[in-house]
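275 is the number that our numbering gives the last residue of the sequence shown; the numbers go up by one with no jumps. Backbone N, C-alpha and C define an ideal beta-carbon position, used for all residues, glycine too. Report on the following structure.
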Amino acid sequence: MEIYPAVDIYQGEAVRLEQGKKEKMKSYGDPVEYAEKFSGHVDKLHIVDLEGAFEGEPRNLGTVERIIKQYDLKVQIGGGFRDISSVKRAYSAGVENVIVGTRAFDKDFMEKITDKFDGVTVSLDIKRGSLAVDGWRTTLDIDLKEGLDLLDSYVDRFIYTITEKDGLMKGIKKVPSVPDGDEVIYAGGVTSKGDLDLLDKMGFDGCIIGRALYEGKMSLEELRMR
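Next comes the structure, spelled out in structure tokens:
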């Protein structure tokens with residue numbers, strides 16, 4: 050199972066939120082320094098442009114391009130990719146996977162971007178059993194299974210984010226099932242090797258770890274020895 054360290058960028062700093070709430074934001078410093086630190090242990094980062102997520106248009110692609118070129122890292126990025134122009138700019142910056150959330154259920158948009166670009170990934174953000182978009186501020190009348198059924202003809206790479214657990218470092222006890230034939234990455238509350246063992250057992254292809262790395266609850270050095 051692949052480990053993707055999370056680098057959430059807001060106003061030039063690496064930050065972590067609790068349950069996606071801007072008022073519960075904690076800064077950890079320069080995101081480029083964290084990219085350098087993580088580059089010794091992984092070859093791919095999970096980056097979220099938080100300004101993009103809140104404002105609807107990515108704002109930090111310059112920083113992302115610098116990380117890719119300076120540390121020879123692969124990047125999957127989400128946050129504000131709601132038009133073809135922003136998706137194109139991300140791929141031109143060297144990103145391997147653009148993550149779409151808010152416009153994932155816009156059929157015309159998904160047809161266009163998946164026809165033009167490889168590696169498009171959909172973030173299925175689960176909030177109290179339903180899917181959430183627009184920086185998790187809007188809840189749709191769609192659950193995970195319905196979302197997968199609607200999207201499976203466009204993409205085969207997904208991120209499941211359990212929003213209630215994100216940033217709380219409380220661990221995980223129960224996770225959604227993984228459909229056959231899709232690449233699925235988990236995010237939300239991963240804090241221990243036991244969490245990773247559960248995800249592995251459930252068939253997840255990867256997991257995203259954020260605050261637990263920043264605050265020393267887990268280390269990439271020990272995870273490499275699993």
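{"query": "State the start and end residues of the unbroken alpha helix (DSSP H) segment that holds residue 101.", "result": "99 to 104"}
{"query": "Tell me whether the beta-carbon of residue 94 lies closer than 7 Å to the beta-carbon of residue 56.", "result": "yes"}
{"query": "Taking 8 Å as the threshold, find out whether the segment 223 to 231 comes into contact with the segment 178 to 188 through three or more Cβ pairs.", "result": "no"}
{"query": "Going straight from the alpha carbon of residue 252 to that of residue 202, what length do you get?", "result": "21 Å"}
{"query": "Could you check where the alpha helix (DSSP H) with residue 84 kicks off and where it finishes?", "result": "80 to 88"}
{"query": "Determine whether the beta carbon atoms of residue 103 and residue 184 lie at a separation below 7 Å.", "result": "yes"}
{"query": "With DSSP as the reference, label residue 113 as helix, strand or coil.", "result": "helix"}
{"query": "Pull the bridge partners of residue 147 from the DSSP assignment, please.", "result": "126"}
{"query": "Let's see if you can read the secondary structure: which residues bound the beta strand (DSSP E) around residue 235?", "result": "232 to 236"}
{"query": "May I ask you to list the residues that DSSP assigns as paired with residue 284?", "result": "The structure shown does not extend to residue 284, since the chain spans only 50 to 275, so no value can be given for it."}
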